[in-house]
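Protein sequence lines, in the order shown, are assigned to chains Y and E.
FYI, the numbering used here numbers position 80 of the first sequence as 1091, with every residue one higher than the one before it.
FYI, the numbering used here numbers position 14 of the second sequence as 65, with every residue one higher than the one before it.
To start, the structure itself, in structure tokens.
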Amino acid sequence: MKNRSGFWFAVTSLISGLRLTWKHFWNAKNRRTPEYVTDKNYFNQPDGLVTLTYPYEAIPVPDNGRYRLHNEIDDCIVCDLCAKICPVNCITIESVKATEEIGLTSDGTKKRLYAPVFDIDMAKCCYCGLCTTVCPTDCLTMTPVYDFAEVDIKNMIYHFTDLSPEQAEEKKELLAKQQEEMAAAKAAALAARKQA
Amino acid sequence: MLAFVLTLVLLLSIVIVLAYAERKVAAFMQDRLGPTEAGPYGSLQSVLDVLKLLQKEDIVPAAADKNLFKLAPILIFAAVFAGFAVIPFTPDLVPAGIGIGVFYLLAIISLDVVGLLMAGWGSNNKYAMLGAMRSVAQIVSYEIPAGLAILSAVMICQSLDFQEISYQQGALMNRFPGLEFEMNWLFGIEALGINTTTIGGITTWNIFRAPILLISFIIYFIASLAESNRAPFDIPEAESELVAGFHVEYSGFRFAILFLAEYSMMVLVSLVAVILFLGSWNTPLPNIGPVSLAYWTTGTVGELSGILWGGFWLLSKTFVLLFLQLQIRWTYPRLRVDQLMHLCWKVLTPIALGVVLMAGIWRLLMI
């Protein structure tokens, strides 16, 4: 473009600048509204203000977006796959073998392990979603919640276990007792075989 | 004393409204929302800003020239506030109606420069010093085109009294002592034979009765932007280069006073522009035959209706100019310091000198 200059060019460009800002000021009576992605107007930039008063109104997030993790502990079989695949090691799982079958998940898988510890450190989570793909019972999911800032970083560690520490201790004792009994039974059987 | 308190209260409330308006106007022009939380539509935002500033620690740098540093904001604000003394608000309400109001105003406003230098020097900070020098250079330079533009208006009106200049620009002209037998003609030219003395309204505004003053109004408006350190001439505050100009060391209440002085200056220069060029407290509606709009929208001088109508017209015209100042701030980029001086000395001053000459000739036609 030719570099224009001169008095009248300056005047006309100053006036066109004023007209531009006046147009925006005039359009300020219109505002964009929080629409969902499927809405036809989602990508249309309407005239007027584009900001939303965030905590009061927010654009809905897509269903398959990757946001905060949630573990439905009732469906969890404590297989540890998520903790193994996690690239940033944000999932910590401890498991205690149950003395008997403790129930079924909603898709019919048998549960044989208790989880005295099932922690996810959301401060470390990188939202890759790998854990949700490997989960055999689909109990780990990513929810549409994305606003979960905390004042204390310790609160970013989410505890999902459904056992209290006392219950976990009790389950451990039960397992130890059962294993002792089994060991004793095994020793008795061995001794009986030797005698025979 | 009453006038002092009233003017101060009026000024403070206008400044509060202006600070809020500035944020909203800026936001709307940039497609944002602006303050929304404090009060309905964020309307209490500027009040809360003031409260916040009052709570801040009053920091005086250890190596600063403490007396100069502390005195500077007061001097800057006092200089601007003293200018309001001669501003007529309504046909019969003027804090100090002195015959040399224009002269007094120009003189007292210049004290501002001394305050700026005191602030910059007293801060003992290179950035503050540089900011103050740039600010002073700018204000001193722009006083020349502004003064010449005011001079042309004074030449047309043949008066230094703001109240007399106001009376001349409306249908009430002959009420002013000394103007009983004066007459207004269309464009000020008697030869055209159209007497506008009793028509009033926009036909007797200075920019209409001597159209040459339209040019000096534009010159004065541009120069007044520079005098009140407003964009696009906000070089003293150039955040990107100078941190914050001469008030970089100020905090809390002292900063609030500097801020107040800047906004008061905006209000003052707009008031002066309205009084000298845009018909002061006179209505823009002319008398058309039996439909005497001008008299209806002027009220009775000396009664409450006169005060309310006068104040309404003066303030609404001022607010239009203030809005224009805000819009300009959010439209134009800041001038570089050499461009600033180029505009002042090579463009505005010669044009203003030409306008003064033309105004003299026009005045001869008006006799």
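All C-beta atoms in this analysis are idealised placements derived from N, C-alpha and C, irrespective of residue type, glycine included.
- In this structure, the beta-carbon distance from residue 302/E to residue 127/E does not fall below 8 angstroms.
- Comparing alpha carbon positions, the residue from 141/E, 119/E, 92/E closest to residue 366/E is 141/E.
- Residue 1108/Y: member of the beta strand (DSSP E) spanning 1102-1108, first to last residue.
- The alpha-carbon separation between residue 113/E and residue 174/E amounts to approximately 10 angstroms.
- As DSSP reads the structure, residue 55/E sits in no beta bridge.
- Residue-level contact check: residue 1069/Y does not touch chain E, since none of the beta carbons of chain E fall below 8 angstroms from its beta carbon.
- The contact set of residue 1143/Y on chain E, defined by CB atoms closer than 9 angstroms, is empty, because the minimum CB distance reaches about 36 angstroms.
- For residue 1089/Y, no CB of chain E lies under 8 angstroms from its own CB, so it is not counted at the interface with that chain.
- For residue 1126/Y, the enclosing beta strand (DSSP E) stretches over residues 1124-1132.
- The contact set of residue 1035/Y on chain E, defined by CB atoms closer than 8 angstroms, consists of 79, 80, 81, 82 in chain order.
- The C-beta of residue 1044/Y comes no closer than 8 angstroms to any C-beta of chain E.
- Excluding its 5 nearest sequence neighbours in each direction, residue 411/E has C-beta neighbours in its own chain below 7 angstroms: 206, listed in chain order.
- Contact of residue 383/E with chain Y is assigned, a C-beta pair being separated by under 8 angstroms.
- Buried is the label assigned to residue 1125/Y, since at least 16 other Cβ atoms lie within 10 Å of its Cβ.
- Taking all protein chains in view, the Cβ of residue 1198/Y is surrounded by fewer than 16 other Cβ atoms within 10 Å, so the residue is classified as exposed.
- If you look at residue 270/E, you'll find it in the alpha helix (DSSP H) that goes 263-278.
- Between residue 170/E and residue 306/E, the C-beta spacing is not below 8 angstroms.
- With a cutoff of 8 angstroms on beta-carbon distance, residue 321/E and residue 373/E are scored as near each other.
- Residue state for residue 1080/Y is assigned as strand, using DSSP reduced to three classes.
- For residue 224/E, no beta strand (DSSP E) run applies, since DSSP gives it neither H nor E.
- Interface criterion not met: the Cβ of residue 390/E is under 8 angstroms from no Cβ in chain Y.
- Contact between residue 1128/Y and residue 1103/Y holds, with the beta-carbon distance rounding to 6 angstroms and staying under 8 angstroms.
- For residue 1061/Y, the C-beta contacts it makes with chain E under 7 angstroms involve 82, in order along the chain.
- Take residue 1087/Y, set aside five residues on each side of it, and the residues of its chain with a beta-carbon closer than 6 angstroms to its own are 1150, in chain order.
- Interface annotation, residue 376/E: not in contact with chain Y, CB-CB separation never under 8 angstroms.
- From the listed residues 1200/Y, 1118/Y, 1044/Y, 1144/Y, the smallest Cα separation to residue 1060/Y is found for 1044/Y.
- Per DSSP, the beta-bridge partners of residue 343/E are 338/E.
- Using a Cβ-Cβ cut-off of 7 angstroms, residue 1134/Y is close to nothing in chain E; its nearest Cβ partner there is about 29 angstroms away.
- Counting every other CB atom within 10 Å of its CB across the protein chains shown gives residue 224/E a total of 16 or more, marking it as buried.
- If the five residues before and after residue 1047/Y are omitted, its C-beta is found closer than 6 angstroms to the C-beta atoms of 1071, all from its own chain and listed in chain order.
- Residue 187/E is outside the set of residues whose beta carbon lies under 8 angstroms from a beta carbon in chain Y.
- Rounded to the nearest angstrom, the gap between the Cα atoms of residue 159/E and residue 1023/Y is 36 angstroms.
- Among the residues of the region 84-95 of chain E, those with a Cβ less than 8 angstroms away from any Cβ of chain Y are 84, 87, in the order of the chain.
- For residue 1153/Y, there is no enclosing alpha helix (DSSP H); the enclosing beta strand (DSSP E) has its first and last residue at 1151-1153.
- Fully enclosed alpha helix (DSSP H) runs of no fewer than 4 residues occupy 177-208, 213-219 of the region 162-229 of chain E, in order along the chain.
- Put simply, the backbone Cα of residue 1082/Y is about 7 angstroms away from that of residue 1171/Y.
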